[in-house]
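Enquirer:
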Amino acid sequence: MAELVADYLLSRLREWGIHRIYGYPGDGINALMGAMDRAKGDPEFIQVRHEEMAAFMACGHAKWTGEVGVCMATSGPGAIHLLNGLYDAKLDHQPVVAIVGQQAQAALGGNYQQEVDLQTLFKDVAHEYVHMATEPGQIRHLVDRAVRIALDQRTVTCIIVPNDLGEAKAVEQPPHEHGTIHSSVGYSRPVVFPADEDLQRAAEVLNAGEKVAMLVGQGALHATDEVVEVAELLGAGVAKALLGKAALPDDLPFVTGAIGLLGTKPSWDLMQGCDTLLMVGSSFPYSEFLPQEGKARGVQIDLDGRMIGIRYPMEVNLVGDSKATLAKLAPLLERKSDRSWREQIEDGVEKWWRLLEDRAMQNADPVNPQRVFFELSKRLPDGAIISSDSGSAANWYARDVKLRRGMMASLSGTLATMGPGIPYAIAAKFTHPDRPAFALVGDGAFQMNGMNELITIAKYRHLWTNQQLVILVLHNDDLNQVTWEQRAMEGDPKYEGSQEIPDFPYAAYAELVGLKGIKVDDPDLIGQAWDDALACDRPVVLEAITDPEVPPLPPHITIEQAKHFMKAIMAGDPNARRMIRQSFAEKIVEFLPGR
Ligand SMILES: Cc1ncc(C[n+]2csc(CCOP(=O)(O)OP(=O)(O)O)c2C)c(N)n1
Ligand SMILES: [Mg+2]
């Protein structure tokens, strides 16, 4: 029998199969920390350097396992620090439970120290379920509901525990009387699929199409075989939204890769040329990269009925699990005998990979970031887990990293926040200690919060059987993604006051905290640097001195953007000359007005 509410809360989480909590202490959760100590490692407490990182790790945990991720923070400042990581989870539809402390109940409403109205604060991010416990008999159902709702709705939920309540005597089973709740543990995900007649209608649209495009997202991550089968039948090319990058391996000839601003030319051509669009498990938002309204007939599959029919006016909207729905759809599809559309796509894909290699091999000052990703792709070990941060890294991750079957990969797809690259990779090492992990991050993100988590890596790495954890830092002394956005979207020159960031010795810093640091500033030594990093007996920071003037622009920049780009150059961008030179090399000038 658990003695205190705090002990019981942990034991109930254990019953739910939760064995790890990412967090940081404080007096609002001292009772929980005491219980954590008594729990003797189950659940294990992973002590981070900042609560936001704990929330990112909980999100990463969910992404890499499909289980609920749990983070814990104290009242007031600790709870506030969690927020950005929790929004990352909420927006990417990951099940995460936040457990936060609160000051003693008797103090609440008294402008007490660290008293923040946490229910209001968390009301948006955890809107599906946020409750403060005020009585020991609530704990059982608060835990049961927070975990179940997080799993069922794939969202963030929150339990607030005042410190004095945590210290109260536990009530594991409320008395059998009016006004009590009697809940239980357990959740099995249902298999949801559409009605037969709707599948039939979808099949009719897809069978009538001659040029079918598929777009898959993270909802198809578990449906690789079914996506491949349907794509084969339909003679379709398949583009992948960012969060769905691991849904299909990149070595399949009909996979056109990423779509959108970070996307590829074959994905663009696929969407522009198709007469039928089948969208599976994606809410990819940028309409300009989808077919024009009316140009294609559309079928969409999504588990969440709220997310359907909002990106393209679909003719048939199927609410269902992607795997189950595609499996039921496949027997209704006629194999397209004319394979010319498919051949055209495969041809484009082949050319695109060659172009990417050419781009990666182009000289830059000193290192072309694309080369760094290109060399990594060739060396990715089986089972690698890859996380990217927001920034220019996300472009090269999206386009140049060639995933194979059995790998996992993710980033902050919807919030697109800086910061999750390293904590996601740490969560990968905890959830899969036998697999290699990679974090691909910019120097801005590293400085923002990633570098502190190297200390966390140094603290816990002895728990990981496989020591391959490589953190690539793109050292360009620039907040490069935004620099290019300012140029291309606003037509502004680089504003050094906001864009340049302080120089810092990233590899040397890694050594300082007991990890390995490798610095590379010669394109011909990048391959060797990756080999050395992968052979190392400890986690590595691979610092690549990369050229900020290599433009991470979309494959088809618009005339409008090109005009802005020109305006930036005219307005005296401090790096204009090199920028133009590099852009020539990247063939971006093809899209400039008057050409
Ligand atoms: C928390 C947060 N702040 C600001 C941004 C806007 N932003 C997106 S990418 C980026 C630049 C990232 O710079 P860095 O990490 O150095 O990567 P680079 O683009 O230089 O490779 C910024 C400021 C963001 N997405 N998230
Ligand atoms: Mg940078």
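724 is the number of the first residue of the sequence shown in the working numbering; add one for each residue after it.
Glycine included, each C-beta is placed from N, C-alpha and C at the ideal position.
1) Taking any heavy atom of ligand 2 as the mark, which residues have a C-beta closer than 5 Å to it, listed down the chain?
2) According to the neighbour-count rule (16 or more other Cβ atoms, all chains shown, within 10 Å of its Cβ), is Arg1318 buried or exposed?
3) Where does Met1302 fall in DSSP's three states?
4) What I want to know is whether the C-beta of Thr1140 ends up closer than 7 Å to one or more non-hydrogen atoms of ligand 1.
5) For Gln836 and Arg1020, I'd like the C-alpha separation in whole angstroms.
6) Buried or exposed: where does Asp974 fall if 16 or more other Cβ atoms within 10 Å of its Cβ makes it buried?
7) Measure how close the beta-carbons of Ala812 and Ala777 come, nearest whole angstrom, since I'm counting them as under 8 Å.
8) Considering only C-alpha positions, which residue in the set Pro766, Ile752, Pro748, Lys786 is nearest to Arg772?
9) By the DSSP assignment, the alpha helix (DSSP H) with His703 in it spans what residues?
10) Is Val1312 helix, strand or coil when you go by DSSP?
11) Return the chain-ordered ranges of every alpha helix (DSSP H) run that is complete within the segment 1207–1251 and spans a minimum of 4 residues.
12) State the start and end residues of the unbroken beta strand (DSSP E) segment that holds Phe1161.
13) According to DSSP, what are the bridge partners of Ile1024?
14) What does Glu767 pair with, by DSSP beta-bridge criteria?
15) For Pro885 versus Gln826, is the C-beta spacing smaller than 8 Å?
16) Please name the residue in Ala829, Leu929, Cys794, Val728 whose C-alpha comes closest to that of Arg743.
17) Mind checking whether the beta-carbon of Ser1113 lies closer than 7 Å to any heavy atom of ligand 1?
18) With DSSP run on the structure shown, which of helix, strand or coil describes Leu1201?
19) With distances taken between CB atoms, is the gap from Ser1005 to Gly940 smaller than 8 Å?
20) Measure the beta-carbon distance from Ala1053 to Glu1219 and round it to whole angstroms, keeping in mind my assumption that it falls under 8 Å.
21) Would Met780 count as contacting chain D if we go by Cβ distances under 8 Å?
22) Beta-carbon within less than 8 Å of Asp1270's beta-carbon, same chain only, minus the 5 sequence neighbours each way: which residues are those?
23) Quick one: does the C-beta of Tyr1197 sit closer than 7 Å to a heavy atom of ligand 1?
24) How do the segment 928–947 and the segment 1036–1048 stand: do at least 3 beta-carbon pairs fall below 8 Å, yes or no?
25) On the CB-based measure, 16 or more other CB atoms within 10 Å of its CB, does Gly1144 come out buried or exposed?
26) What do you reckon, is the C-beta of Ala1116 under 7 Å from a heavy atom of ligand 1?
27) Report the three-state DSSP secondary structure of Thr880 (helix, strand or coil).
28) In three-state DSSP terms, what is Ser1100?
29) Restricting to runs no shorter than 3 residues, where is the beta strand (DSSP E) found entirely within the segment 873–929?
30) In its own chain, which residues sit with a C-beta less than 7 Å from the C-beta of Val908, not counting the 5 before and 5 after it?
31) What distance in whole Å lies between the Cβ atoms of Glu774 and His816, which are believed to be in contact at a cut-off of 8 Å?
32) Shortest alpha-carbon distance to Asn834 belongs to which of Gly808, His864, Gly799?
33) Report the three-state DSSP secondary structure of Arg735 (helix, strand or coil).
34) Since I believe Leu956 is in contact with Leu1056 (beta carbons under 8 Å), could you give me their beta-carbon distance rounded to a whole number of angstroms?
35) How is Thr843 classed by DSSP in three states: helix, strand or coil?
36) Apart from the five residues on each side of it in sequence, which residues of its chain come closer than 7 Å, Cβ to Cβ, to Arg1094?
Expert: Reading from the atomic positions:
1) Gly1165, Asp1166, Gly1167, Asn1199, Asp1201, Asn1203
2) In the sequence shown, the residue the question calls residue 1318 occupies position 595. Any reading at Arg1318 is ruled out, since the residue's pLDDT is 35, under 50, leaving its predicted position unreliable.
3) Here residue 1302 is taken as the residue at index 579 of the sequence shown, counted from 1. Helix.
4) Locating residue 1140 in the sequence shown gives position 417, where the first residue counts as 1. Checking every heavy atom of ligand 1 against the Cβ of Thr1140, one is found closer than 7 Å.
5) Position 113 of the sequence shown, counted from the first residue, corresponds to residue 836. Position 297 of the sequence shown, counted from the first residue, corresponds to residue 1020. The alpha-carbon atoms of Gln836 and Arg1020 are separated by roughly 59 Å.
6) Taking the sequence shown and counting its residues from 1, one reaches residue 974 at position 251. Classification of Asp974: exposed, given that the 10 Å Cβ count is below 16.
7) Residue 812 sits at position 89 when you count from the first residue of the sequence shown. Residue 777 sits at position 54 when you count from the first residue of the sequence shown. Not really, about 11 Å apart at Cβ, beyond 8 Å.
8) The residue given as residue 772 occupies position 49 in the sequence shown. Measuring from the Cα of Arg772, the nearest candidate turns out to be Pro748.
9) As shown, the chain starts at 724 and ends at 1318. That puts residue 703 outside it, with no answer to give.
10) As a working mapping, residue 1312 is identified with position 589 in the sequence shown. Low confidence applies here, because Val1312 scores a pLDDT of 46, under 50, leaving its location unreliable and the question unanswered by this model.
11) 1219–1222, 1229–1235
12) On the sequence shown, position 438 is the one that residue 1161 refers to. Here the beta strand (DSSP E) through Phe1161 covers 1160–1165.
13) Locating residue 1024 in the sequence shown gives position 301, counting from the first residue. Looking at the DSSP assignment, Ile1024 forms a beta bridge with Val1003, Leu1041.
14) The residue given as residue 767 occupies position 44 in the sequence shown. Answer is Arg743.
15) By 1-based counting over the sequence shown, the position of residue 885 is 162. By 1-based counting over the sequence shown, the position of residue 826 is 103. Going by C-beta atoms, Pro885 is nearer than 8 Å to Gln826.
16) Counting from one through the sequence shown, the residue named residue 743 turns up at place 20. Taking only the C-alpha atoms, the option nearest Arg743 is Cys794.
17) The count along the sequence shown starts at 1 and reaches residue 1113 at position 390. Checking the Cβ of Ser1113 against ligand 1 gives yes.
18) If you number the sequence shown from 1, residue 1201 lands on position 478. Per the sequence shown, the amino acid found at residue 1201 is Asp instead of Leu. Residue state, collapsed to three classes: strand.
19) Position 282 of the sequence shown, counted from the start, is the residue given in the question as residue 1005. Position 217 of the sequence shown, counted from the start, is the residue given in the question as residue 940. For Ser1005 and Gly940, yes; Cβs fall inside 8 Å.
20) Working through the sequence shown from its first residue, we reach residue 1053 at position 330. Working through the sequence shown from its first residue, we reach residue 1219 at position 496. Not a contact, Cβ separation roughly 55 Å.
21) You won't find chain D in this structure, because it holds only one protein chain.
22) Position 547 of the sequence shown, counted from the first residue, corresponds to residue 1270. Hits under 8 Å: Ala1087, Asp1088, Pro1089, Val1090, Asn1091, Pro1092, Asn1199, Gln1305.
23) If you number the sequence shown from 1, residue 1197 lands on position 474. The identity of residue 1197 in the sequence shown is Leu, whereas the question assumes Tyr. Yes, the beta carbon of Leu1197 sits closer than 7 Å to at least one heavy atom of ligand 1.
24) yes
25) Residue numbering aside, residue 1144 sits at position 421 when the sequence shown is read from its first letter. Per the 10 Å Cβ criterion, buried.
26) Locating residue 1116 in the sequence shown gives position 393, counting from the first residue. Answer for Ala1116: yes, Cβ within range of ligand 1.
27) Here residue 880 is taken as the residue at index 157 of the sequence shown, counted from 1. It is a strand residue.
28) Translated into positions along the sequence shown, residue 1100 becomes position 377. Of the three classes helix, strand and coil, the one that applies to Ser1100 here is helix, per DSSP.
29) 879–885
30) For the purposes of this step, residue 908 is taken as the residue at position 185 of the sequence shown. Glu738, Trp739, Asp867, listed in sequence order.
31) Against the sequence shown, residue 816 aligns to sequence position 93. Against the sequence shown, residue 774 aligns to sequence position 51. Contact doesn't hold; Cβ gap of about 22 Å is too wide.
32) Taking the first residue of the sequence shown as position 1, residue 834 is located at position 111. Taking only the C-alpha atoms, the option nearest Asn834 is Gly799.
33) What you label residue 735 is simply residue 12 of the sequence shown in a count that begins at 1. The answer is helix: DSSP assigns Arg735 an H, G or I state.
34) Within the sequence shown, the letter at position 333 stands for residue 1056. Within the sequence shown, the letter at position 233 stands for residue 956. Sure, about 4 Å apart at Cβ, within 8 Å.
35) Residue numbering aside, residue 843 sits at position 120 when the sequence shown is read from its first letter. Three-state result, Thr843: helix.
36) By 1-based counting over the sequence shown, the position of residue 1094 is 371. The residues are Ala1083, Met1084, Pro1246, Ile1249.
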